[in-house]
Amino acid sequence: MDAEDTRRIESKQVNFEKPHLIKDSVFRPVIPDYNGNRTLYFERTFACNCPETPTSWSFRVTFQRLPLSGVSCLIAIRRTDDRPGLVDVEFRMIIQPSSLTETFLLRFNSKIPAGRADRRIFPEVIPVKAVERLSGRYLHVELFLFVEGCHRER
């Protein structure tokens, strides 16, 4: 997608080496409207520079607004390196309005081999009543990707 695509959400990524943690943070409207694009997304690529098993990753988070069920979320995580073995991944996403009155939390664990992806759909991550109240407002979205199991047992 080019930079003019209004569906693309820009975000800021911070990498931590220990534990292998990627934190990505977005502060902007993430609820799609009914009058144009019904989906918004952001995507990232990154590397965990583990001295034993360096891995590389990409992820994409897509928000989709549905008339009767609020906002759903599709999360796709792909391991893009070719190192052997499974790596444990824990994904967490926190969506919080600036008013701090409510928080929406998504979370899942997976074991991903090299070159493979895991996709999860979270229906109604933001319920219809909350969508009506929060449409057009800036929301703070934090994403955490924990990468574990890349070290041999000692």
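Oh and the sequence shown: position 70 is 70 in the numbering used here, straight run, nothing missing. Glycine included, each C-beta is placed from N, C-alpha and C at the ideal position. On a predicted model such as this, the values are computed, not experimentally measured, just so you know.
- By the beta-carbon neighbour count (other beta carbons within 10 angstroms, threshold 16), T45 is exposed.
- DSSP places V128 within a helical segment (H, G or I) once states are collapsed to three.
- Taking the CA atoms as reference points, E142 sits about 22 Å from I112.
- Per DSSP, I22 is one residue of the beta strand (DSSP E) stretching across L21 to R28.
- Under the criterion of beta carbons closer than 8 Å, V26 and F63 do not qualify as touching, at roughly 11 Å.
- For S69, there is no enclosing beta strand (DSSP E), since its DSSP letter is neither H nor E.
- Collapsing the DSSP output to three states places L86 in coil.
- The C-beta distance from V87 to T55 rounds to 6 Å, short enough to meet the 8 Å contact threshold.
- Here G115 is exposed. Its C-beta has fewer than 16 other C-beta atoms within 10 Å.
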